[in-house]
Amino acid sequence: MTKPSNVTVPSIDAVVSCLSDYDPNALHVDRAREAMRACLIPLTQTERVPLRAALGRVLAEQIVPTINVPSHANSAMDGYAVRAADLNAQQPVSLTEVGGAFAGRAFDGTLGQGECVRIMTGAVMPQGSDTVVIQEMTRQEHGRIVIPAAQRAGQNVRLAGEDLRIGVPVLQPGRRLQAADIGLIASLGIGEVQVIRRLRVAFFSTGDELASIGTPLQPGEVYDSNRYTLQAMLETLGVEWIDLGVVRDDPTALEAAFLQAAQQADAIVTSGGVSVGEADFTKATMAKLGEVLFWKIAMRPGRPMAFGRIQTAEHQAALFGLPGNPVAVMVTFYQFVRQALLYLSGCKDAVEPGTTQAISTQAIRKVAGRTEYQRGIAQWHDARLEVRLTGQQGSGVLRSMSEANCFIVLEHTRGDVTAGELVTIQLFDGLMS
Ligand code: AMP
Ligand code: MG
């Protein structure tokens, strides 16, 4: 994030010290979210993009229709356009068919008394007509069209401006554009939109035990999977990403990586090096280069986390120092980083993960006093949404994330769950997009 020149940014310490119940050593997940939000400064720079490239981008302008959609009253069904005044509530009437109206080819006359026009869906309502009777309700008799009793005046007609009305704003700045929004803008004949520029996110992994793909594993090494998970999560989010590779547990290398990241990116996401027992220089390096808070969040997995900003001469970048365990990386990303990055991207919609409830088919052990994000498989069964654990829940077992289709969120104050109890879940479908 570039520091806006006209804004004095309060220190992170000053911001978090104003939050109630702020305890960095046992931080409630909600407080952590609140603290991040309070310290982040959303991007403001904009660019113009073709509508076709605007999916997932954050709108930087208000979309105000300069035309009505639809632009003319038209038929919602195939049938006959009639004058309601000609119909009879108690008995059928027969009308004279005087022409046809088709989508894109209007009937150019005016409907007189006792007349009707054959009309197709989307065809402009002929002058004089105000009601459509669907084809299936009518019959032909002696060359005339018989309309049954009890039609409702104005039925089956789409009014001009019923979808979008001239001058009435439809989309506001800060909206993350979805498929329907793209279509809506297209329906107004608009081919380009002003959006916030894409957020740039740099990431790297830390650890002497990490091997990169392409090199054979030495004893005690693991392949670095976090960078791949992170890249995939960032890509789904639609931000620009910069992969800075694996950085050894070495103060000089670490400092260089942080500075390089801070120069290029609006946000930095690292994995590893923040847990208890890790060499202290990771924290020391982060702290040296910027304002960084080290949190022990009351959650599992993902307890240790660093958050702050790293400063270079011209530029500062938000920092998210995630734990190294592969599941902890994903959990902390989805519970904190995703929404923080959306917020930084200028997104003003609700970006918190959506939740729903499911019945746990099994007992789950849970300690009160922390929020747990267990990996679950939710499934409909006899019209009830049920959920079970994926199996092994260790924070190093990435397979649990791959097999799961939801997080089972066991709230802070909750204790053990018994089979049959309702639990909160966050479905990955929707969260991971
Ligand atoms: P740390 O938070 O650095 O203590 O790492 C915790 C655990 O996660 C250790 O078992 C690490 O080997 C593992 N780990 C750390 N970084 C990665 C990574 N990039 N890919 C896969 N595993 C990792
Ligand atoms: Mg490590």
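Residue numbers for the sequence shown follow our numbering, so the first one is 223 and each next one is one higher.
Yeah, the Cβ is synthetic: ideal placement off N, Cα and C, and Gly gets one too.
Can residue i be considered in contact with the ligand SAM, in the sense that its beta carbon sits closer than 6 Å to one or more heavy atoms?
{"i": "Asp430", "result": "No copy of the ligand SAM appears in this structure; the ligands present are the ligand AMP and the ligand MG."}
Can you tell me which of the three DSSP states residue i falls into?
{"i": "Cys240", "result": "coil"}
{"i": "Pro264", "result": "coil"}
{"i": "Ala253", "result": "Just to set this straight, residue 253 is Arg in the shown sequence, not Ala. Arg253: helix per DSSP, three-state reduction."}
{"i": "Val551", "result": "helix"}
{"i": "Thr492", "result": "strand"}
{"i": "Leu607", "result": "strand"}
{"i": "Ser567", "result": "coil"}
{"i": "Met654", "result": "coil"}
{"i": "Asn378", "result": "coil"}
{"i": "Val304", "result": "strand"}
{"i": "Gln579", "result": "strand"}
{"i": "Glu625", "result": "helix"}
{"i": "Val461", "result": "coil"}
{"i": "Leu456", "result": "helix"}
{"i": "Ile234", "result": "helix"}
{"i": "Asn247", "result": "coil"}
{"i": "Phe480", "result": "helix"}
{"i": "Val619", "result": "coil"}
{"i": "Asn296", "result": "strand"}
{"i": "Ser227", "result": "At Ser227 the pLDDT is 48, less than 50, meaning the model places this residue with poor confidence; the figure from the coordinates comes in the next sentence. Here Ser227 sits in coil by DSSP."}
{"i": "Gln584", "result": "coil"}
{"i": "Gln596", "result": "strand"}
{"i": "Arg270", "result": "strand"}
{"i": "Gln312", "result": "coil"}
{"i": "Gly405", "result": "helix"}
{"i": "Ala641", "result": "coil"}
{"i": "Gln601", "result": "strand"}
{"i": "Val498", "result": "coil"}
{"i": "Ala590", "result": "coil"}
{"i": "Val631", "result": "strand"}
{"i": "Ala433", "result": "strand"}
{"i": "Val195", "result": "The shown model of the chain, from 223 to 655, leaves out residue 195, and the question about it has no answer."}
{"i": "Val559", "result": "helix"}
{"i": "Arg636", "result": "coil"}
What's the call for residue i, buried or exposed, on a 16-neighbour Cβ count within 10 Å?
{"i": "Arg420", "result": "buried"}
{"i": "Trp602", "result": "exposed"}
{"i": "Arg587", "result": "exposed"}
{"i": "Gly543", "result": "buried"}
{"i": "Glu513", "result": "buried"}
{"i": "Pro272", "result": "exposed"}
{"i": "Ala275", "result": "exposed"}
{"i": "Ala325", "result": "exposed"}
{"i": "Met359", "result": "exposed"}
{"i": "Thr640", "result": "exposed"}
{"i": "Ser293", "result": "exposed"}
{"i": "Ile435", "result": "exposed"}
{"i": "Gln579", "result": "exposed"}
{"i": "Ala254", "result": "buried"}
{"i": "Leu649", "result": "buried"}
{"i": "Val390", "result": "exposed"}
{"i": "Pro438", "result": "exposed"}
{"i": "Ser227", "result": "No answer about Ser227 holds up, because its pLDDT of 48 lies below 50 and its placement is not dependable."}
{"i": "Gly301", "result": "buried"}
{"i": "Gln357", "result": "exposed"}
{"i": "Cys569", "result": "buried"}
{"i": "Arg374", "result": "exposed"}
{"i": "Asp403", "result": "buried"}
{"i": "Val559", "result": "buried"}
{"i": "Phe574", "result": "Sequence check: residue 574 is Glu here, not Phe. Glu574 is exposed by the Cβ-count criterion."}
{"i": "Ala562", "result": "buried"}
{"i": "Arg636", "result": "buried"}
{"i": "Thr318", "result": "exposed"}
{"i": "Asn310", "result": "exposed"}
{"i": "Ala626", "result": "buried"}
Along the chain, where does the beta strand (DSSP E) that runs through residue i open and close?
{"i": "Leu277", "result": "Note, Leu277: premise wrong, no beta strand (DSSP E); not H, not E."}
{"i": "Thr428", "result": "Arg422 to Thr428"}
{"i": "Thr646", "result": "Leu644 to Leu649"}
{"i": "Glu443", "result": "Note, Glu443: premise wrong, no beta strand (DSSP E); not H, not E."}
{"i": "Gln416", "result": "Glu414 to Ile418"}
Compute the beta-carbon to beta-carbon distance between residue i and residue j, rounded to the nearest angstrom, for a pair I have assumed lies under 8 Å.
{"i": "Thr353", "j": "Gln377", "result": "6 Å"}
{"i": "Gly524", "j": "Arg398", "result": "That pair is no contact at about 25 Å."}
Between residue i and chain C, is the shortest Cβ-Cβ distance under 7 Å, so that the two count as touching?
{"i": "Thr640", "result": "In summary, chain C is missing from the structure at hand, where a single protein chain is found."}
Problem set entry | Runs of beta strand (DSSP E) wholly within the stretch 314 to 369 (minimum 3 residues, chain order) | 315 to 323, 337 to 341, 353 to 356, 361 to 363 and 366 to 369
Exercise. Which residue spans inside the stretch 378 to 402 form an unbroken beta strand (DSSP E) run of at least 3?
Worked result: Counting only runs of 3 or more, we get nothing.
Problem set entry | Runs of beta strand (DSSP E) lying entirely within the stretch 500 to 545, each at least 3 residues, in chain order | 512 to 518, 526 to 533 and 538 to 544
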